[in-house]
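What follows is a short report on a single structure.
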Amino acid sequence: MGKQSGKKAKTSVPSKIASKKSSRSTSATAAVAAKKSIPACWRRPKWQTEFRRRLLGWFARNKRDLPWRRTKDPYAVWVSEIMLQQTQTPTVVRYFERFLTAFPTVQALAQAEQAEVLRLWEGLGYYRRAVQLHQAAQKIVSEFGGQFPQTVKELLQLPGIGRYTAGAILSIAFDQRQPILEANTVRLWARLLAYSEPVGSASAQRLLWYMAETVLPCRQVGRFNQALMELGSRVCLPRQPRCSECPVSRFCLAFQKGFQESLPRQRAKPTTQFSQEMALIVRRNDQVLLRRIPDGERWAGLWEFPRFPLPTELAEQSADAEAPAAKQPWLFPVAEEAVGPLEPSSEQQTGISRVRRDARFETVPKPPRRRKTRVSSDGSARFIPAAIGGFLVQQMHKQVGIVVRPIRPLGTIRYAVTRYRVQMECYEVEYLGQADRQERTDRLEQQSVGTKPKGRRLEAPAADSCQAVEPGGDFQWVRLESLEGYPMSSPARKLARLARASSGDFGKETFCEGRK
Ligand code: SF4
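Position one of the sequence shown corresponds to residue 0 (numbering that gives the first Met the number 0), numbered consecutively onward.
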């Protein structure tokens with residue numbers, strides 16, 4: 000036994016060395032290949048020196064006065080770099096100053112609540128950045144004693160920091176000779192080198208990183224990197240680059256050949272996908288129901304209103320319908336056996352009037368033919384199509400474990416997330432009570448043995464959340480005026496505003512009107 004393990008130990012060391020050697024030789028081969036693909040003029044030291052001189056001269060004359068350029072504090076540089084990913088500079092300025100005022104140091108950020116961080120991030124999008132920024136701050140405090148790491152290896156261990164961000168922090172804050180490559184500089188280098196292959200490929204990335212590193216000066220590396228990014232974002236624009244104003248046009252091979260606008264070549268973009276969903280303002284007196292989005296879902300950590308995907312067959316009916324000429328009361332069939340007894344029974348707690356309770360068991364007259372219209376802010380004169388109303392009642396019952404009564408449509412909110420274009424139909428419903436307790440218990444037991452209903456990514460409340468309708472779980476009752484304190488995605492925030500705007504009408508005009 001001992002011999003065997005000894006043998007293994009003996010053989011494993013040389014094999015490790017061999018694999019290290021082979022990986023080193025592979026990267027060396029890749030570097031040689033990258034070097035060979037660089038046009039001959041760009042390999043000349045004089046060419047590179049002159050390019051740096053011109054670029055830095057232009058930057059000195061034209062750089063914008065941005066708040067993160069007034070400091071070399073690695074924490075501030077890091078925050079700005081994370082915010083600038085996927086976001087325009089003018090937008091970031093406002094957010095950056097507010098964020099740094101709230102969390103001036105990495106320690107302050109580490110101690111903050113995640114909800115506080117997300118609230119300050121609200122509107123910037125890509126909320127995962129904020130969550131990872133917060134996690135990384137906690138790691139810097141707990142594992143690095145609050146001192147900002149100063150090596151690429153250490154920085155890459157932090158959540159949300161990749162090669163680009165590490166290079167930017169180290170070069171700008173510590174003037175280390177580290178290259179950067181992001182969307183603007185990829186475009187710039189593709190044009191300067193007249194690189195006509197798709198820039199997303201591994202070989203293209205190797206070449207561009209190699210070039211970005213080779214051309215770095217020995218000093219003022221941070222300034223040089225910022226100058227590249229500034230030129231890429233302000234002069235070498237994606238469409239119609241301003242070549243006549245470009246300080247380095249004489250070094251630009253694409254410009255010389257006249258095909259700068261066709262570069263860089265990108266891989267085919269994924270096709271846009273359209274979907275429809277519904278979101279509900281569930282009212283209980285002056286409160287509404289919010290759900291905290293759990294980890295693993297899009298917008299994790301933010302709060303939203305209950306939201307469900309809308310089946311295609313219902314989506315066609317979702318355009319709000321105007322009230323028919325003959326205003327017929329129109330109620331939804333909610334069979335008693337489907338919802339069980341209401342609880343709590345007190346009218347004060349549930350806000351259910353005798354009339355409304357009876358109304359739940361009305362038969363539904365065939366809805367009149369309706370004309371589809373665009374949504375206006377005034378939903379009071381509109382009706383919810385019967386199928387939609389039935390669906391939302393069913394979804395709230397099945398997935399959240401509560402009984403609701405549809406009130407009225409509130410509007411349509413359209414938003415885009417990555418390649419998804421979503422149309423969100425918004426409705427107001429009234430909370431009547433909790434679904435039957437036994438039924439909910441049975442469902443939870445079913446889930447615990449692995450029969451949890453399948454869900455798409457955009458699907459809202461987890462089925463087991465029906466237990467958590469009481470404050471403290473994923474769901475929480477929140478007063479309308481307190482909604483501002485909860486971090487939300489842009490569509491949820493728009494809906495919150497719609498809810499507040501329509502709050503004065505709540506209970507005045509509903510489907511039950513005329514039955515009291
Ligand atoms: S010359 Fe035109 S295409 Fe070339 S780097 Fe300058 S702005 Fe970009």
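Here a beta-carbon is modelled for each residue, glycine too, at the ideal position from N, C-alpha and C.
Can you give me the Cβ contacts of residue 534 inside the same chain, cut-off strictly under 6 Å, excluding the 5 residues immediately before and after it?
The displayed coordinates of the chain run from 0 to 515. Any statement about residue 534 would go beyond what the structure contains.
By Cβ distance below 6 Å, which residues in the same chain neighbour residue 499 in space, the five residues on each side in sequence not counted?
Start at 1 with the first residue of the sequence shown, and residue 499 comes out as number 500. These residues qualify, in order along the chain: 479.
Using a Cβ-based criterion (distance less than 7 Å to any ligand heavy atom), does residue 95 qualify as near the ligand SF4?
Walking along the sequence shown from the start, residue 95 turns up at place 96. Incorrect: residue 95 has no Cβ contact closer than 7 Å to the ligand SF4.
Looking at the strands, I want to know which residues DSSP matches up with residue 424.
Taking the sequence shown and counting its residues from 1, one reaches residue 424 at position 425. Residue 424 pairs with 277 and 411.
For residue 333, is the classification buried or exposed, using 16 other Cβ atoms within 10 angstroms of its Cβ as the cut-off for buried?
In the sequence shown, residue 333 corresponds to position 334, counting from 1. Because residue 333 sits at a pLDDT of 33, beneath the cut-off of 50, its placement in the model cannot be relied upon, and the following sentence gives the value as read from the coordinates. Buried, by the Cβ-count rule.
Near residue 219, what residues of its chain come up, given a Cβ to Cβ distance below 8 Å and the 5 sequence neighbours on each side ignored?
Numbered from 1 along the sequence shown, position 220 holds the residue referred to as residue 219. For residue 219, where only same-chain residues beyond five positions count, the Cβ hits under 8 Å are 55 and 174.
Could you work out which residue in 114, 27 and 124 is closest to residue 297 when comparing CA atoms only?
Taking the sequence shown and counting its residues from 1, the one referred to as residue 297 is at position 298. Among 114, 27 and 124, the Cα nearest to that of residue 297 is on 124.
Could you give the DSSP three-state label for residue 38: helix, strand or coil?
As a working mapping, residue 38 is identified with position 39 in the sequence shown. Of the three classes helix, strand and coil, the one that applies to residue 38 here is coil, per DSSP.
At what residues does the alpha helix (DSSP H) containing residue 95 begin and finish?
By 1-based counting over the sequence shown, the position of residue 95 is 96. Counting along the chain, the alpha helix (DSSP H) containing residue 95 begins and ends at 88-101.
Is it true that the CB of residue 405 sits closer than 8 Å to the CB of residue 114?
The residue you call residue 114 lines up with position 115 of the sequence shown. The residue you call residue 405 lines up with position 406 of the sequence shown. Taking 8 Å as the Cβ cut-off, residue 114 and residue 405 do not qualify as a contacting pair.
Enclosing beta strand (DSSP E) for residue 476 [first to last residue]:
What you label residue 476 is simply residue 477 of the sequence shown in a count that begins at 1. That run of the beta strand (DSSP E) goes 474-478.
Cβ-heavy atom distance, residue 416 to the ligand SF4, below 7 Å:
Walking along the sequence shown from the start, residue 416 turns up at place 417. Not under cutoff, so the answer is no.
Determine the closest residue to residue 305 out of 392, 247, 241 and 313, with distance taken between C-alpha atoms.
Translated into the one-based positions of the sequence shown, residue 305 becomes position 306. The candidate whose alpha carbon is nearest that of residue 305 is 392.
Heavy atom of the ligand SF4 less than 7 Å from the Cβ of residue 187, yes or no?
Against the sequence shown, residue 187 aligns to sequence position 188. Checking the Cβ of residue 187 against the ligand SF4 gives yes.
Reduced DSSP category for residue 419 - H, G, I as helix; E, B as strand; rest coil:
In the sequence shown, residue 419 corresponds to position 420, counting from 1. Correct three-state label for residue 419: strand.
CB of residue 80 within 8 Å of CB of residue 168, strictly:
As a position in the sequence shown, residue 80 is number 81, starting the count at 1. As a position in the sequence shown, residue 168 is number 169, starting the count at 1. For residue 80 and residue 168, yes; Cβs fall inside 8 Å.
Look up residue 257 in the DSSP assignment and say whether it is helix, strand or coil.
Here residue 257 refers to the residue found at position 258 of the sequence shown. Of the three classes helix, strand and coil, the one that applies to residue 257 here is coil, per DSSP.
Given this structure, state the Cα-to-Cα distance separating residue 501 from residue 285, to the nearest angstrom.
As a first step, residue 501 must be located in the sequence shown, where it is residue number 502. As a first step, residue 285 must be located in the sequence shown, where it is residue number 286. Computed Cα separation, rounded: 12 Å.
So what does residue 130 bridge to, in DSSP terms?
To locate residue 130, count along the sequence shown from 1; it is residue 131. Bridge partners of residue 130: none, in fact.
Rounded to the nearest angstrom, what separates residue 164 and residue 69 at their Cα positions?
Here residue 164 is taken as the residue at index 165 of the sequence shown, counted from 1. Here residue 69 is taken as the residue at index 70 of the sequence shown, counted from 1. So the two alpha carbons sit approximately 18 Å from each other.
With a threshold of 8 Å, are at least 3 pairs of Cβ atoms found where one atom belongs to the segment 181-193 and the other to the segment 93-104?
no
Residue 154 and residue 136 closer than 8 Å at C-beta:
Position 155 of the sequence shown, counting from 1, holds the residue named residue 154. Position 137 of the sequence shown, counting from 1, holds the residue named residue 136. Contact flag unset, no.
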